[in-house]
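The number in the working numbering is simply the position in the sequence shown, starting from 1, with 1 added.
A virtual CB, placed ideally from N, CA and C, is assigned to each residue, including glycine.
In this text the structure is predicted, and so the values were computed from the model without any measurement.
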Amino acid sequence: MFPPTIAVLVITSCLLAGASIVLYTVKNGISPMPTSAKVRQHLLSIIWELRGETEGRSVGNIYELGSGWGTLACAISRQITDTTVVACENSPLPYLFTVVRTKLGKYHNLALKRQNFYRLTITPAELVVCYLSTEIMAKLSLKFQRELRPGTIIISHTFALPGWQPKQIVYVNNLYRTPIYVYCIPRTTLAATAQL
């Protein structure tokens with residue numbers, strides 16, 4: 002049996018961790034949900050397919066906005082080792098979990114950023130991956146248009162970018178037939194954005 006002091010510390014730690022998750026879920030408008038294994042597998046296949054379109058060259062910097070517990074960012078980092086994967090998460094507990102996970106797993110090409118992704122400069126990205134919500138995707142739309150270079154790929158699973166025409170939609174063979182939306186920043190966006 003644990004001494005009462007240890008039991009109180011464990012209970013207090015669990016309550017604080019739970020409160021942190023709830024607080025950041027309310028603040029962010031979405032909880033940190035891991036990407037399922039099947040969806041992760043399809044996303045990696047799409048990224049490899051895009052890599053084939055670049056004649057085997059790296060797809061460049063890959064950014065995951067709202068990386069949560071790091072399941073997707075770590076999988077991308079492990080599979081695609083010749084590029085930098087930037088995982089951005091502002092909720093402290095999932096971020097710390099990912100920090101520990103990356104230290105134990107030796108993900109050398111994974112850079113973690115604990116910040117609000119609305120404030121993150123995403124211009125260096127050549128591929129952006131998201132699992133967010135419809136509302137957040139709508140808010141990100143203008144940021145994508147302003148900051149991403151022509152030809153940059155955006156992959157969002159489950160939630161589409163409102164008002165955008167996907168280059169491709171892949172449906173995962175799972176219970177929900179989860180859609181994965183693939184977008185490409187068009188060449189004309191840069192000129193239109195410069196006029197804003």
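Coarse secondary structure for residue i, derived from DSSP in three states
i      : result
HIS109 : coil
VAL265 : Outside the shown range of the chain (2 to 197) lies residue 265, about which nothing can therefore be said.
ALA18  : helix
ALA161 : coil
CYS128 : According to the sequence as given, residue 128 is Leu; it is not Cys. DSSP places LEU128 in strand when its eight states are reduced to three.
TYR64  : strand
C-beta contact flag for residue i and residue j at 8 angstroms
i      : j      : result
ARG115 : GLY71  : no
ILE123 : LEU143 : no
LEU128 : GLY61  : yes
CYS75  : TYR108 : yes
ALA139 : LEU113 : no
PRO33  : SER92  : yes
Local Cβ density within 10 Å of residue i, reported as buried at 16 or more and exposed below that
i      : result
SER157 : buried
ARG120 : exposed
ASN175 : exposed
GLU136 : exposed
Backbone CA spacing between residue i and residue j [nearest angstrom]
i      : j      : result
LEU97  : THR179 : 28 angstroms
LEU73  : PRO35  : 7 angstroms
ILE12  : GLN169 : 47 angstroms
THR153 : CYS185 : 6 angstroms
TYR172 : GLU90  : 26 angstroms
THR84  : LEU10  : 42 angstroms
GLY29  : ILE22  : Checking the displayed sequence, the identity of residue 29 turns out to be Asn instead of Gly. Approximately 10 angstroms, taken between the alpha carbons.
LEU133 : ILE48  : 19 angstroms
VAL183 : ILE155 : 6 angstroms
ALA18  : SER46  : 34 angstroms
One or two residues paired with residue i in a DSSP bridge
i      : result
CYS185 : ILE154
PRO180 : TYR172
CYS75  : CYS75 is not bridged to any residue.
ALA88  : GLU65 and LEU113
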